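Colleague: Counting with the working numbering, you get residues 471 to 563 for the letters of the sequence shown.
Got a structure for you, written out below as structure tokens; questions coming shortly.
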Amino acid sequence: MGWVSLKPFTRFSVMLTPNQPGLYALNDSGGRIIYIGGSDELQRRLTEHLPENEAQNLCIKRSAAQFQYLVSTNWQQEERRLIETYQPSCNRI
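Structure (structure tokens):
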């Protein structure tokens, strides 16, 4: 399975995301990747990034407008590689 196409970064869209292991990318309004992450529970982790949540990364809060995800059981191995490849502005390495 490949990346799911860009979706608006809203609570409604996130709630339609499967709560399975995988990777996700948060994108700005122009579609540029600003953050890459992974989790054993995609829906739960994406919910934590929504702008209304207190523990929000300010960089993400200001810029995230869209997201995409990829269901994968090997997300831990791919996450670092994708961060190094895309060098998203909101990731802290």
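Cβ coordinates follow ideal geometry from the N, Cα and C atoms, glycine included.
Quick caveat: nothing in here was measured; it's all calculated off a predicted structure.
Taking the alpha-carbon positions, what's the L512 to L486 distance?
Modeller: On the sequence shown, position 42 is the one that residue 512 refers to. On the sequence shown, position 16 is the one that residue 486 refers to. L486 has its alpha-carbon roughly 11 Å from the corresponding atom of L512.
Colleague: Whose C-beta lies closer than 7 Å to the C-beta of N489 among residues of the same chain, with five residues either side of it excluded?
Modeller: Along the sequence shown, one-based indexing puts residue 489 at 19. Answer for N489: E511, L512, Q513, R514, listed in chain order.
Colleague: Just to confirm, does L512 get its C-beta within under 7 Å of one of the non-hydrogen atoms of the ligand PLP?
Modeller: With respect to the ligand PLP, the structure shown offers nothing to examine, as it has no ligands at all.
Colleague: How should N561 be labelled, buried or exposed, when 16 other C-beta atoms within 10 angstroms of its C-beta is the threshold for buried?
Modeller: Taking the sequence shown and counting its residues from 1, one reaches residue 561 at position 91. N561 comes out buried.
Colleague: Measure the CB-CB distance between G507 and V541 and report whether it falls below 8 Å.
Modeller: If you number the sequence shown from 1, residue 507 lands on position 37. If you number the sequence shown from 1, residue 541 lands on position 71. Not in contact: G507 and V541 (Cβ atoms no closer than 8 Å).
Colleague: Excluding the 5 residues preceding and the 5 following Y522 in the sequence, name in chain order all residues of the same chain whose CB lies nearer than 7 Å to its CB.
Modeller: As a first step, residue 522 is located in the sequence shown; it is residue number 52 there, counting from the start. For the record, residue 522 in the displayed sequence is Glu; it is not Tyr. Excluding sequence neighbours, E522 sits near nothing in its chain.
Colleague: With which residues is K477 paired in a DSSP beta bridge?
Modeller: The residue you call residue 477 lines up with position 7 of the sequence shown. BP columns for K477 point to F537.
Colleague: Tell me which residue opens and which closes the beta strand (DSSP E) that L493 is part of.
Modeller: The residue labelled residue 493 in the question sits at position 23 within the sequence shown. Start and end: 492-497.
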